[in-house]
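These notes concern the structure reproduced below.
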Ligand SMILES: Cc1cc2nc3c(=O)[nH]c(=O)nc-3n(C[C@H](O)[C@H](O)[C@H](O)COP(=O)(O)OP(=O)(O)OC[C@H]3O[C@@H](n4cnc5c(N)ncnc54)[C@H](O)[C@@H]3O)c2cc1C
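Chains as they are written, first to last, in the working numbering: chain A, 57 to 832; chain B, 124 to 404.
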């Protein structure tokens, strides 16, 4: 037994390249569409071309007669399958029964009406064209405010007002504060519909083994275990007889934090036909039928004293829900309300949400889910207040921030902010851009007749979802760590990484905690047959909740390692360091591999100790975490064309302790790209008949690399006290911080023209019209 | 996004290709960058695809008696990167470089682009300004038409059923000629909301010849004769550019209203004229 203990380098905090990347960049990762099963059939779905219509009849004869078509099913066949689930509950929520195939009426363009199953995907596609559906077209409504107007077509005939729910929350003496306010600023602010656009569309493959009565569903999902529980319920399959496997997932951004009709439908077809069946969503279907994000019309009022102290915030929020509730649809705007006060001390708030049905695809969680909308609202209002009071935007923010000594801070909406120093990232960002110098530059630019703008946002967010009582399905996370007899380590995590890099960060945690080589750790996820129950990846929870579960599992293992180590070293006190157990007195030590081997060989066991080397931990977080940051954006507006150019983008994010700066940078860059998309380009537009006008990438503009500015990404690090890793979460920060900073910058550029607000996206034509008329 | 079934044919000579294309259910395939997406969206459903890429002699770029002859199958990348084109007809190289992205430019061809005649495509503006000649081959022989005659309407050209574009001929620019192509991008597709090609001959700032080609603004590319006349009679660029929209029935869609498009046309015309003037020096 060796006795030298060497100082080992810690990996946490290092920009280690992702373990995931080699397979992703060499094209050797396995996605659902890469999977082939013997005898596999292919499904193609017949979808409604109308936003609202009664189905008079469906003729499947021609399709069925096509050689290679195996079966065609319509709504009647699956009417007893349980509804597509809504996991959110709100008082008085109206929940339309969401069949997996339309019954006698369709509610949005893309609504599944029938499914063709064939021996190959080409025949299935051709067969779908042969299904003849006779529709009686009805008037539709696609705009939430129009849906609320008298005489609007009813999306669901049983609820003619189109209201799915009303939600009210308030704190403080709202009426009094507004009556006594020295200044009140009001504005209607929209957060437009966005199309999540993950690179991989949805994909489902189902296989039924009749001998075992066991169903396996492969799906591109963010939530394998929840999917299993919910689809088992829909299909009436006992949960232990359903296995859900999530192979490589090419992006989700919230759109795969869901349970879709097609997931149950493929399971049902596999059971019905006894053959595996695959369905790969086309890009066109992805635009039309995968959830959209945002869809807010917000009426804000902010009350303040003349010195800039914010005294009250009032919000009427109209949420475009679409035709149905998907998994979390109605819950998303309630997150906006929770986040309403932003980073500011204000304790008086009042919010009213009206959730509105429209003949559109449902909205649901999209990167940030409720928090970008809230941040956009409050950060625009604070800028408008600054303009009204002729105060500097940074100064007004600094004046109203919750101060470092006030944490934990009880927010007006009932949250407890864990930790923060909000001035720090703002001051850092102001320093980086040389704010005073920049304002001077702006004065010069204006004198030359150029429209240069400086805009900022200071955002807060709610991450690490979350304490179980505050989440629809449990907010804990699980991890199990198994040290194999050779000392190599297998981690099973209940989260379901799909681009967030947890195979890497979790390996870093294991490497540091157990003093082992990073490459001796494998992190497995996304298969309900091998991983203990978990909640999944969304809401920037993977590392803060899943990583913490892993951390605690490792602590349990370390205790066991030490018991075996002490036994092997024949002593009663050992230390575990750098992958070895050592006895300080004798200087003798034993390696982890030796200990692991001994634990399985079990010639001798420490008293009261089981053989083997494995620990499982389910961690319930006591609170959310609350990251924050400041983004500053410098823009210039082309006077002739209205085109906005981002000249500088500075992001200073505080996501708590940083485990891997490379991964954090990637998350910030991606988030900002999607924020810029919302700010300048993206808009899911439905016409009055409920037809999606931006139904392909030829019309829906996500920013390409050539449309992105250089992002200067910096950080401050304020650890979270909520978990022992001190991490908060960074998956959504870029998106949340971005849009208000961009819009504030452009409004600042055009403020000499009297512009005080512009709604996104800031298209050149919109701005050109402002330049023509002087007002938005 | 799956096309209807089709047969795939690979002729090895021009006569063979023309013979195959005599079938009204057959369609020529060049780079596939317009045709394949249309087939996948089921907006086109040819029963037979006749792939022209195996036909020899259609990709060459050469100089012949004061003109550049460009084979219909030359890709956008071939054209933007050709030394000959860049030196002798830079406007065409510039237009090619504005098309889509690298992948599209590596596959798409000039013949396919102009035969497709998307009203927002880039080449048509340049070919109008260049007064290009386009050779069209049919079973009965080959004829040449001017760019002005070639582009008839939205997705409509002088190419008849069963005919093929085989060559595009553009002038070798004389000394003192300046050209420029200026394009306002539609952010989603990358096509032109408007694109203006300017080609000027000027001596110490006096314009003796002006040719202005426009794309994206209306249903079909066109030559802005009014602007040309103003420039040739000494108007300043700004004032001349303002005439570009005269009498035009401008396109209107979710990316730009007619009013805004007309405004952009004036702005981009002025930009193109100024840049061409600078290049003429
Ligand atoms: C993502 C993307 C972005 C794009 N962006 C732009 C852009 O910015 N600007 C722009 O101008 N274009 C753009 N395009 C279109 C591109 O330039 C195409 O390559 C071009 O329009 C068609 O050329 P092709 O060789 O690919 O023709 P194909 O797609 O093969 O054929 C197009 C049509 O022309 C016919 N055809 C082909 N060759 C001939 C011939 N020799 N004679 C007669 N008929 C023929 C075919 O039968 C078919 O009807 C874009 C395309 C894509 C996919």
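Glycine residues also receive a C-beta, built at the ideal position from the N, C-alpha and C atoms.
Taken in chain order, the unbroken stretches of alpha helix (DSSP H) that lie wholly in the region 587–642 of chain A and span 4 residues or more are 604–625.
Note on the region 481–520 of chain A: whole beta strand (DSSP E) runs with a minimum of 3 residues are 507–516, in chain order. Residue 327 of chain A sits in a helix when the DSSP states are folded into three classes. Of all residues, those with a beta-carbon under 5 Å from at least one heavy atom of ligand 1 are B:150, B:151, B:152, B:153, B:154, B:155, B:156, B:157, B:158, B:195, B:222, B:223, B:227, B:231, B:232, B:234, B:235, B:236, B:238, B:239, B:244, B:245, B:287, B:288, B:313 and B:314, reported in chain order.
Shown here, residue 332 of chain B sits in a strand according to DSSP, grouped into three states.
At a cut-off of 8 Å between beta carbons, residue 124 of chain B contacts chain A. Interface residue (Cβ-Cβ distance to chain A less than 8 Å): residue 377 of chain B is classified as such. When secondary structure is reduced to three states using DSSP, residue 213 of chain A falls in the coil class, being assigned neither helix nor strand. Straight through space, the alpha carbons of residue 103 of chain A and residue 156 of chain A are spaced by roughly 12 Å.
In the three-state DSSP reduction, residue 184 of chain B falls in the strand class (E or B). Residues of chain B whose Cβ lies closer than 9 Å to the Cβ of residue 121 of chain A do not exist; the shortest such Cβ separation is about 16 Å.
For residue 307 of chain B, at least one C-beta of chain A is nearer than 8 Å to its own C-beta. Contact with chain B is absent for residue 103 of chain A, since none of that chain's Cβ atoms lies less than 8 Å from the residue's Cβ.
With a cut-off of 8 Å on Cβ pairs, the region 317–337 of chain A is not in contact with the region 385–404 of chain A, counting fewer than three such pairs. Of the residues A:188, A:83 and A:365, the one whose Cα lies closest to the Cα of residue 128 of chain A is A:188. Residue 454 of chain A sits away from residue 438 of chain A, with the two beta carbons spaced by 8 Å or more. Listed in chain order, the non-local C-beta contacts of residue 134 of chain A below 8 Å within the same chain comprise 155, 156, 157, 321 and 324, local neighbours out to five positions each way being set aside.
When DSSP states are grouped into helix, strand and coil, residue 704 of chain A belongs to the strand group. Using beta-carbon distances, residue 254 of chain A does not count as an interface residue toward chain B, since no partner is under 8 Å. Against residue 757 of chain A, the close residues of chain B are 309, 310, 311, 312 and 378, in the order they occur along the chain (beta-carbon pairs closer than 9 Å). Runs of the beta strand (DSSP E) spanning 3 or more residues and lying entirely within the region 168–239 of chain A occur at 168–174, 188–193 and 219–227, in chain order. Runs of beta strand (DSSP E) with 3 or more residues, each lying fully within the region 71–107 of chain A, are found at 97–103, listed in chain order.
Taking the Cα positions, residue 429 of chain A is about 60 Å away from residue 644 of chain A.
Here residue 402 of chain A carries a coil assignment [DSSP, helix/strand/coil].
Comparing alpha-carbon positions, the option among A:371, A:351 and A:350 lying closest to residue 359 of chain A turns out to be A:371. In the three-state DSSP reduction, residue 141 of chain A falls in the coil class, being neither helix nor strand.
DSSP places residue 307 of chain B outside any alpha helix (DSSP H); the residue lies instead in the beta strand (DSSP E), whose first and last residues are 300–308. Those residues of the region 376–403 of chain B placed with their C-beta closer than 8 Å to a C-beta in chain A are 377, 378, 379, 380, 383, 386, 387 and 390, ordered along the chain.
Apart from the 5 residues on each side of it in sequence, residue 143 of chain B sits with its Cβ closer than 8 Å to the Cβ of 132, 134, 149, 171 and 173 in its chain, given in chain order.
C-alpha of residue 362 of chain B to C-alpha of residue 401 of chain B: approximately 17 Å in a straight line. Ranked by Cα distance from residue 759 of chain A, the first of A:748, A:766, A:738 and A:750 is A:738.
Among the residues facing chain A, residue 128 of chain B is included, as its CB has a counterpart in that chain under 8 Å away. Within its own chain, the residues whose Cβ lies closer than 8 Å to the Cβ of residue 186 of chain B, once the five positions on either side in sequence are excluded, are 192, 207, 211 and 295, listed in chain order. Residue 370 of chain A sits in a strand when the DSSP states are folded into three classes.
When Cβ-Cβ separations below 8 Å define contact, residue 753 of chain A makes contact with chain B.
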